[in-house]
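In the numbering used here, the protein residues as written are 1 to 159. Structure first, commentary second.
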Ligand code: SF4
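Encoded structure:
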């Protein structure tokens with residue numbers, strides 16, 4: 001199925017590339033904890049799934065059948081374009097490849113990750129932003145602009 005093929009090739013709405021948190025309903029917290037998925041908080045204290053999501057195995061969700069409503073509802077702009085047949089699967093996969101390549105290019109410009117640094121390259125860059133080299137800043141700006149234009153669309157950045 002083209003949509004699942006796309007998402008299994010991508011994983012960026014779960015691995016911290018696009019977002020830092022997914023909001024949770026209080027009733028979802030216990031179910032996730034029972035699966036061994038740690039639950040964090042947003043700045044306002046509300047429960048949230050911190051990304052890179054601990055339930056992600058490679059690019060596949062290990063809690064897919066019982067995923068929280070926030071995950072269930074989310075579709076990125078590219079997913080929507082494929083669902084509406086505005087782009088072919090081949091074109092959509094190429095967009096994901098380009099996003100991964102921009103993220104990889106950024107990673108090459110970042111200093112080595114410290115032990116407690118976020119797994120997500122985009123989050124590492126965001127945290128280091130004031131001290132990034134000129135090349136790293138340029139790579140970061142290019143990657144964020146591409147993610148905004150092709151994936152986040154009207155949703156913007158979630159924090
Ligand atoms: S960012 Fe879009 S294409 Fe990628 S896994 Fe999420 S919904 Fe699927």
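Beta carbons are placed, not taken as given, at the ideal position from N, Cα and C, and that holds for glycine.
Quiz prompt | Beta-carbon separation (whole angstroms), residue 39 vs residue 24, contact threshold 8 Å | solution = The Cβ separation is near 7 Å, so the contact holds.
Quiz item: Going straight from the alpha carbon of residue 57 to that of residue 63, what length do you get?
Solution: Cα-Cα distance, rounded: 10 Å.
Quiz prompt | residue 33 burial status per 10 Å Cβ neighbour count (16 or more: buried) | solution = In summary, residue 33 is exposed, with fewer than 16 beta-carbon neighbours lying within 10 Å of its beta-carbon over all protein chains present.
Quiz item: Taking 7 Å as the cut-off, does the CB of residue 78 come closer than this to any heavy atom belonging to the ligand SF4?
Solution: A heavy atom of the ligand SF4 is found nearer than 7 Å to the CB of residue 78.
Quiz item: How many angstroms separate the CA atom of residue 151 from the CA atom of residue 14?
Solution: As the crow flies, the alpha-carbon of residue 151 is around 13 Å from that of residue 14.
Practice problem: Measure the beta-carbon distance from residue 143 to residue 132 and round it to whole angstroms, keeping in mind my assumption that it falls under 8 Å. | Solution: So it is not a contact: roughly 12 Å between Cβ atoms.
Exercise. With distances taken Cα to Cα, identify the nearest neighbour of residue 47 among 31, 89, 115 and 78.
Key: Residue nearest to residue 47 within the set 31, 89, 115 and 78 is 31 (criterion: CA-CA distance).
Practice problem: Please report the Cβ distance between residue 89 and residue 82, rounded to the nearest whole angstrom; I am assuming they are in contact, meaning their Cβ atoms lie under 8 Å. | Solution: The C-beta distance from residue 89 to residue 82 rounds to 7 Å, short enough to fall under 8 Å.
Quiz item: Closer than 7 Å: is that where the CB of residue 123 sits relative to any heavy atom of the ligand SF4?
Solution: In terms of side-chain proximity, the C-beta atom of residue 123 is found no nearer than 7 Å to any non-hydrogen atom of the ligand SF4.
Self-check item: Start and end residues, beta strand (DSSP E) containing residue 23
Solution: In this chain, the beta strand (DSSP E) harbouring residue 23 covers 21-23.
Self-check item: Nearest neighbour of residue 110, chosen from 148, 100, 86 and 127 [CA to CA]
Solution: When C-alpha distances from residue 110 are compared across 148, 100, 86 and 127, the shortest belongs to 127.
Quiz item: Taking residue 3 as the reference, which of 85, 100 and 118 has the closest Cα?
Solution: Answer by Cα proximity: 85.
Quiz prompt | residue 65 to residue 87 span [Cα, whole Å] | solution = C-alpha separation (whole angstroms): 27 Å.
Quiz prompt | DSSP beta-bridge partners of residue 48 | solution = For residue 48, which the question treats as bridged, DSSP gives the partners 23 and 40.
Quiz prompt | N- and C-terminal bounds of the alpha helix (DSSP H) containing residue 79 | solution = Segment 77-83, the alpha helix (DSSP H) holding residue 79.
Quiz item: Do residue 92 and residue 12 have their CB atoms nearer than 8 Å?
Solution: Not closer than 8 Å, so no.
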